[in-house]
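Residue 90 in numbering that gives the first Met the number 0 sits at position 91 of the sequence shown, with consecutive numbering throughout.
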Amino acid sequence: MTTPTPSKLAMVPFVSVDNMMQIVNSIGLENMLTELAAYIEDDFKRWELFDKTPRVAAHSAEGVIELMPTSDGEVYGFKYVNGHPKNQQQGFQTVTAFGVLADVSNGYPLLLSEMTILTALRTAATSALVAKYLAPTAANTMAMIGNGAQCEFQALAFKCICGVETVRLYDIDQNATAKAARNLTNQGIKAVSCCSSQEAISGAQIITTCTADKQLATILTDNMVGSGTHINAIGGDCPGKTELHRDILLRSEIFVEYPPQTRIEGEIQQLDNDHEVTEIWKVMTGALKGRRSDTQITLFDSVGFAIEDFSALRYIHDQLSRTGCYVDLDLIADPDDPRDLFGMVLRPQN
Ligand code: NAD
């Protein structure tokens with residue numbers, strides 16, 4: 000990562016939603032998902048270097064607003080993100096986000112970026128990266144339950160990173176399934192629209208649950224999950240907001256990002272606090288095994304962790320010179336004498 004020259008320090012590169020769309024389209028969605036997954040994998044392999052804390056959450060009856068900070072000692076990053084499942088009924092998105100990367104040596108921001116699109120990309124890249132270690136070999140069909148904003152990103156990440164060829168779509172809202180099927184046309188993946196979760200999981204070796212509802216929901220019951228399945232559970236990511244029946248958890252080998260956060264927010268909030276889980280970074284370094292047999296049920300209890308956002312911001316920062324897709328933001332006061340902030344404020348009067 001290159002530090003800007005002193006004269007440029009007052010200007011902070013800002014990646015707007017429009018810039019992010021340009022970056023995605025110039026790099027190509029699948030290339031970007033693959034490159035993002037590599038950044039996330041690199042950072043997961045140096046997991047122990049990072050400052051880690053469960054995210055700071057402000058809950059309300061309607062949803063949650065969260066701050067997700069981390070640092071590798073050289074660079075600091077944080078994301079602001081919300082989760083409001085009822086938003087889409089009023090024409091707002093369930094999840095929106097933005098984030099900052101900063102230089103630890105002087106505290107100056109290096110990047111301010113939209114992260115609504117970037118969160119969808121990093122979540123999909125993380126899911127597929129994890130599935131590379133956990134899904135049964137030669138898995139080519141995925142059930143995708145919940146066809147909202149995250150859905151197509153998940154489908155394409157599993158296509159380009161795991162070789163998934165068919166995605167079986169189901170949502171309680173048929174319009175969401177129709178939207179996803181339409182968007183996945185000509186993306187090189189076969190999209191099959193289904194009328195129930197049961198129909199969607201038929202023949203699928205991977206099941207992704209990506210629904211939004213602030214309750215202990217049961218998107219999958221125990222009898223729906225056959226041996227050898229890999230479950231990528233995305234939507235249970237808040238206290239009181241889960242997707243899987245507890246009995247599935249008891250039959251599964253459970254893999255998580257950061258246990259102190261997942262025990263609060265993930266599917267495993269339904270289990271005892273000492274229930275054994277495996278940290279996925281240890282599988283990536285080779286210290287622990289991922290899938291051990293063809294019959295094992297593996298579950299990635301995904302809640303989304305700060306290091307994934309750090310990796311995504313690090314990736315976007317590295318694309319600034321490659322794409323030129325950003326604007327300079329006059330974000331940091333820049334007095335001629337660093338101690339004369341007051342004099343700088345009066346400058347227009349002179
Ligand atoms: P969204 O509101 O755009 O889509 C959610 C979809 O789920 C909707 O289409 C809704 O109709 C559907 N749904 C609700 N209940 C259902 C049910 N019982 N069966 C089938 N479908 C159902 O939300 P989104 O942005 O796609 O996010 C989906 C979920 O993923 C949210 O809960 C969000 O908090 C979570 N999320 C997790 C991560 C992570 O890192 N783990 C990252 C981003 C989002």
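Backbone N, C-alpha and C define an ideal beta-carbon position, used for all residues, glycine too.
Residues in its own chain within less than 7 Å of residue i by CB, not counting five upstream and five downstream?
i: Thr-69; result: Phe-49, Asp-50, Lys-51, Gly-76, Ala-305, Ile-306 and Phe-309
i: Leu-28; result: Leu-155
Tell me the rounded alpha-carbon separation between residue i and residue j.
i: Asp-293; j: Gly-323; result: 46 Å
i: Cys-161; j: Ala-142; result: 14 Å
i: Thr-208; j: Glu-34; result: 24 Å
i: Asp-333; j: Ile-230; result: 51 Å
i: Asp-221; j: Ile-206; result: 13 Å
i: Pro-53; j: Pro-258; result: 9 Å
i: Ala-199; j: Gly-227; result: 17 Å
i: Gln-318; j: Leu-183; result: 26 Å
i: Asn-18; j: Val-99; result: 16 Å
i: His-58; j: Asn-86; result: 15 Å
i: Arg-313; j: Leu-287; result: 27 Å
i: Pro-3; j: Cys-194; result: Because Pro-3 carries a pLDDT of 48, less than 50, the predicted location of this residue cannot be relied on, and the following value inherits that uncertainty. Their Cα atoms are separated by approximately 53 Å.
i: Glu-278; j: Val-23; result: 30 Å
i: Arg-250; j: Thr-284; result: 25 Å
Who are the near neighbours of residue i in its chain, counting only those whose CB is closer than 6 Å to its CB and skipping five residues on each side?
i: Val-191; result: Arg-167
i: Ala-216; result: Glu-242
i: Met-343; result: Pro-334
Does the beta-carbon distance from residue i to residue j come in below 8 Å?
i: Phe-254; j: Val-282; result: yes
i: Gln-153; j: Ala-123; result: yes
i: Leu-120; j: Met-31; result: yes
i: Val-11; j: Leu-330; result: yes
i: Thr-165; j: Lys-189; result: yes
i: Glu-113; j: Ser-15; result: yes
i: Ile-267; j: Leu-248; result: yes
i: Thr-118; j: Val-94; result: yes
Could you name the residues of the same chain whose beta carbon sits closer than 8 Å to that of residue i, not counting the 5 residues immediately before and after it, in chain order?
i: Gln-214; result: Gly-239 and Lys-240
i: His-316; result: Met-0, Pro-12, Leu-100, Leu-109 and Leu-110
Can you tell me whether residue i is helix, strand or coil according to DSSP?
i: Glu-164; result: coil
i: Cys-237; result: strand
i: Thr-347; result: It is worth fixing the name first, because residue 347 is Pro in this sequence and not Thr. Looking at Pro-347 - three-state DSSP - the assignment turns out to be helix.
i: Met-114; result: coil
i: Val-282; result: helix
When you measure from the CB of residue i to every non-hydrogen atom of ligand 2, does any distance come out below 7 Å?
i: Gly-106; result: With respect to ligand 2, the structure offers nothing, as its ligand set consists of ligand 1.
Rounded C-beta distance between residue i and residue j? I'm assuming under 8 Å.
i: Ala-138; j: Gln-92; result: With a Cβ gap of about 30 Å, Ala-138 and Gln-92 do not count as contacting.
i: Tyr-79; j: Ala-96; result: 6 Å
i: Val-302; j: Asp-236; result: 4 Å
i: Leu-128; j: Ala-36; result: 4 Å
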